[in-house]
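Numbering-wise (numbering that gives the first Met the number 0), the sequence shown opens with residue 0 and increments by one. Glycine is no exception: its CB is placed at the ideal position from the N, C-alpha and C atoms. Data first, discussion second: the structure below is written as structure tokens.
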Amino acid sequence: MYHALVPGGVFYLDAFLTESLYPAFRARDWNWWGNEGERYRVIEDRTFDLDTSRVNVTWTFQSEQSDKPAHTYPTSIRVYSYRELLALLREAGFQVFSTYDGLSDEPFVLGSKRLKLVAWKRE
């Protein structure tokens, strides 16, 4: 991204970080997805691997119609900490940052719901 920007260009990122996920982490959750007549219960079974900073999730889709088989899909998502993300951006060349809680525009702190980050490319 740094090389794609003109000098003085702005990079915007909206993301979850470990500081926002740790306080709200749930090992299991579910919700409904789809429209009436073709709704699915989506079940998420999650683990957090502290060695790799990855959230490993198994998504199971169960049709509201009990005669249809469930479908399961595994995913793995790398989650960065605030410090790691800023180090990567600095290494790329970004220098000036503004960081906020993505939902309230208050400063980003431990427990913020998500990160909203603005970074500028050097002039």
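Looking at Leu-12 and Lys-115, is the spacing between their C-beta atoms short of 9 Å? Their beta carbons are under 9 Å apart, which means Lys-115 touches Leu-12 by this criterion.
Could you spell out where the beta strand (DSSP E) holding Tyr-79 opens and where it closes? Element bounds for Tyr-79: n/a, residue is neither H nor E.
So, do the region 73-89 and the region 54-64 have three or more beta carbon pairs nearer to each other than 8 Å? With the cut-off at 8 Å, the region 73-89 and the region 54-64 touch.
Considering only C-alpha positions, which residue in the set Ser-52, Ser-19, Gln-64 and Gly-7 is nearest to Glu-35? Glu-35 has its Cα closest to that of Gln-64, out of Ser-52, Ser-19, Gln-64 and Gly-7.
Thinking Phe-96 and Ala-118 are a contact (beta carbons under 8 Å), I'd like their distance in whole angstroms, please. Rounded to whole angstroms, the Cβ separation of Phe-96 and Ala-118 is 5 Å, and the two are in contact under 8 Å.
Span of the beta strand (DSSP E) holding Thr-17? Unbroken run through Thr-17 is the alpha helix (DSSP H), 17-20; no beta strand (DSSP E).
Would you mind stating whether Leu-109 and Pro-22 have Cβ atoms separated by less than 9 Å? Taking 9 Å as the Cβ cut-off, Leu-109 and Pro-22 qualify as a contacting pair.
When DSSP labels each residue in this structure, what does Glu-90 get in the three-state scheme? Helix, per DSSP.
Check whether the Cβ atoms of Asp-100 and Phe-107 sit closer than 9 Å, and answer yes or no. Against a cut-off of 9 Å, the Cβ pair of Phe-107 and Asp-100 comes out as a contact.
Cα-Cα separation, Trp-29 to Arg-89: For Trp-29 and Arg-89, the distance between alpha carbons rounds to 38 Å.
Output the distance between the C-alpha atoms of Arg-40 and Phe-24, rounded to the nearest integer angstrom. Going by the C-alpha atoms only, they are around 20 Å apart.
Do you know offhand how far Val-9's Cα is from Gln-61's? If I take the Cα positions, the gap works out to 42 Å.
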